[in-house]
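> Heads up, the sequence shown is in my numbering, so the first residue is 190 and it goes up one at a time.
Every residue, glycine too, gets a C-beta built ideally from N, C-alpha and C.
For clarity, every value in this text was computed on a predicted model and none was experimentally measured.
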Amino acid sequence: MNGRYDVVVVGGGNAALCAALSAHEHNASVLLIERAPLERRGGNSAYTGGGFRMVHHGLETVRSVVPDLTEGEIVNTDFGEYTAAQYLDDLGRVTQYHCDPDLVETLVVNSTDTVQWLYRCGVRFVPRFGRYAFKHEGKFKFFGGTVVEAAGGGRGLVQAEYKAAEKRGIDIAYSTRAVALLRGPRGVEGVRVERNGVEENIHAGAVVLAAGGFEANREWRTRYLGAGWDMAKVRGTRYNTGDGIRMALDAGAQAYGHWSGCHSVSWERYAPDFGDIDRPITDSRNGYPFSLMINAEGRRFVDEGADFRNYTYAKYGRVVLEQPGSYAWHVFDSRVEHLLHDEYRSKGATKVQADTLEELVARMEDVHPVQFLQTVREYNAAIRGDMPFNPNIKDGKCTTGLAINKSNWANPIDKPPYSAYAVTCGITFTFGGLKINTTGHVLDIDDAPLPGLYAAGELVGGIFYFNYPGSSGLMAGSVFGRIAGREAAAHAVGQQSKVA
């Protein structure tokens, strides 16, 4: 750290790296401040599956970022398309139309070009088989808007972005915590950091905050999300404790978005308190659309087949947390076991298996056995028998007459062996944060830009409420990181011109 940069970026995940790469691309000298040590770098992005939800028009768009598709992949895959109108509809629907229309339009309109920009920066992409396309009757058919992911998942994504940053000569300070913004006559003029117990001022023409939400802060989770959230597992990094949000609010920024909302999922019941960067998604449990979700009382409590996984998984973690004991079980029979992702078979999964339902529930810890057997019998009897099962579409194979019906993929639980997996709530990121405009400027309480301050990533509020379309988080971080970096560079260069 040389003490003076055009742009300082606070954070070490995908949004921060996009901001740093973009600022450098626009002729700014850049310092990236990462609170984590080098071996734990990457923020929450390193713990993701690496998926990107972008507007696409089938094979032509996919090949623009995956040029090495094989002939077999092309012939045996229906990539479909995902239009801007569909993307906007999905964002509106899952957020109950609370999302900021200007921000989501910016996200959607810039999605494809931003993924192509990342590809030019050195990020390699592959088709997202397995999570958004099952092989059914010999062919893959993509559903739900996401067709590509970074090779190597989230960790592969940030490794590629760090490699690009290092190649371009962007300075990176690890194990360095930003503690305050420096303010002066021109607005935000740098950051105060703490490293090895020593504070230091880093001066800059502009600052981009991209330090994540507050999901790793137990006290803030309880304060803003509510009682019981201190008990949730943290899926990702332990370093996202709200530092960037706090610094901005102290400097007069406007709080914005759904502060009592978050992205939370079904997670391994006995997982550690924080994610393991060497095994980032092995505790994920997202096969529930083909399951029965059973609580301690032996009852179902959600419509497991309400929609594709990527439109429900981020809200069902909260529902699991609200169950007695804050846990549940995913119950399958052998008919659908092959559709479960590898993490169900990972080391450490709490799994029980049996050849009868009576034996299964006897092995399911803390579940009412009589009610469980009654729940399964009633469910099996309520299934409509006239619809074929198809995991790649909302097949309409449903139940009727239950207190909570299953809308799709309602296969009977009657083909042994049976298996059940114990889950709890894993929090991914929080939805509340700072208000920005479409150019990434952080706004004050009067909706006026705070000079020299920009933001991107999870600490931006106003995009996600109540729920979340899968793979739109990395996409939003990339779009607004790229914009914030560009605008911060322009501001810093403009300030230099005025001084000169």
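1) So, using beta-carbon positions, are V612 and A517 closer together than 9 Å?
2) Between the Cα of F241 and the Cα atoms of Y276, L258, L632 and G231, which residue gives the shortest distance?
3) Measure the C-alpha to C-alpha separation of I434 and I361 and round it to an integer number of angstroms.
4) Spell out a yes or no on whether the region 586-593 and the region 409-426 are touching, meaning 3 or more CB-CB pairs, one atom from each, closer than 8 Å.
5) When we look at the beta-carbon of A273 and count the other beta-carbons within 10 Å, is it buried (16 or more) or exposed?
6) Sort G621, A235 and P316 by Cα distance to L248 and report the nearest one.
7) Could you say which of E338, K328, E228 and V297 lies nearest to V254 if we only look at CA atoms?
8) Label V246 either buried or exposed according to how many other C-beta atoms from any shown protein chain fall within 10 Å of its C-beta, with 16 as the threshold for buried.
9) Quick check: the Cα distance between S660 and D635, rounded to an integer number of angstroms?
10) If we ignore side chains and look at the alpha-carbon of each, how far apart do S453 and I616 end up?
11) Over the uninterrupted beta strand (DSSP E) stretch that includes P638, give me the two end residues.
12) Please list, in chain order, all residues of the same chain as A209 whose beta carbon is under 7 Å from its beta carbon, the five residues on each side excluded.
13) Excluding sequence positions up to five away, which residues of its chain have a Cβ less than 6 Å from the Cβ of A644?
14) Under 8 Å by Cβ, that's how I've got F578 and G401 pegged, so tell me the actual separation to the nearest angstrom.
15) Excluding the five sequence neighbours on either side, which residues of its own chain have a C-beta within less than 8 Å of the C-beta of N600, listed in chain order?
16) Should A367 and R458 be called a contact, given that it needs their Cβ atoms to be closer than 9 Å?
17) Between L346 and the rest of its own chain, which residues show a CB-CB distance below 7 Å, the 5 nearest in sequence each way excluded?
18) So, for V688: in the same chain, excluding its five sequence neighbours on each side, which residues have a beta-carbon less than 8 Å away from its beta-carbon?
19) Does the region 499-519 come close enough to the region 547-557 that 3 or more CB-CB pairs lie under 8 Å?
20) Which same chain residues end up closer than 7 Å to Q285 when comparing Cβ atoms and leaving out the 5 residues on each side of it in sequence?
21) In terms of DSSP beta bridges, what is P316 paired with?
22) Along the chain, where does the alpha helix (DSSP H) containing A207 start, and where does it finish?
23) Figure out for me which residue from P640, T627 and G646 has the closest Cα to the Cα of D291.
24) Between the region 429-447 and the region 251-268, do three or more beta carbon pairs fall short of 8 Å?
According to the structure shown:
1) In contact: V612 and A517 (Cβ atoms closer than 9 Å).
2) Minimum Cα distance to F241 is reached at Y276.
3) Pairing I434 with I361, the inter-Cα distance amounts to about 21 Å.
4) Under the Cβ criterion (8 Å, minimum of three pairs), the region 586-593 does not count as touching the region 409-426.
5) Counting of Cβ neighbours within 10 angstroms places A273 among the exposed residues, the total staying below 16.
6) The residue with the shortest Cα to Cα distance from L248 is P316.
7) Checking every option, the nearest Cα to that of V254 belongs to E338.
8) A small correction: the amino acid at residue 246 is His; Val does not occupy that position in the sequence shown. H246 is exposed by the Cβ-count criterion.
9) In this structure, the alpha-carbon of S660 lies about 32 Å from that of D635.
10) Taking the straight line from one Cα to the other gives about 4 Å.
11) P638 to A644 is the extent of the beta strand (DSSP E) around P638.
12) For A209, where only same-chain residues beyond five positions count, the Cβ hits under 7 Å are V198, V219, L221, A354, I359 and G674.
13) Excluding five sequence positions before and after A644, the CB atoms of its chain that fall closer than 6 Å to its own CB belong to L398, L623, I625 and V631, given in chain order.
14) Contact annotation, F578 with G401: C-beta distance approximately 39 Å; criterion of less than 8 Å not satisfied.
15) Cβ within range, chain order: F479, D522, R524, V525, I572, F578 and K586.
16) Not a contact, by the Cβ cut-off of 9 Å.
17) Sequence-distant Cβ neighbours of L346 in its own chain, meaning closer than 7 Å and more than five residues away, are N203, S234, G239, V312 and A339.
18) Annotation note: pLDDT 48 at V688 (below 50); position unreliable, coordinate value reported separately. Result list for V688: empty, nothing under 8 Å.
19) Cβ pair count under 8 Å is three or more, so yes.
20) Exclusion of the five residues before and after Q285 leaves Y654 and F655 as the residues of its chain whose Cβ lies within less than 7 Å of its Cβ.
21) Listed as beta-bridge partners of P316 by DSSP are V337.
22) Ala is not the amino acid found at residue 207; the sequence shown has Cys there. First-last of the alpha helix (DSSP H) with C207: N203 to E214.
23) Closest option to D291, Cα to Cα, is T627.
24) In the pairwise beta carbon analysis, the region 429-447 is classified as not touching the region 251-268: fewer than three pairs are separated by under 8 Å.
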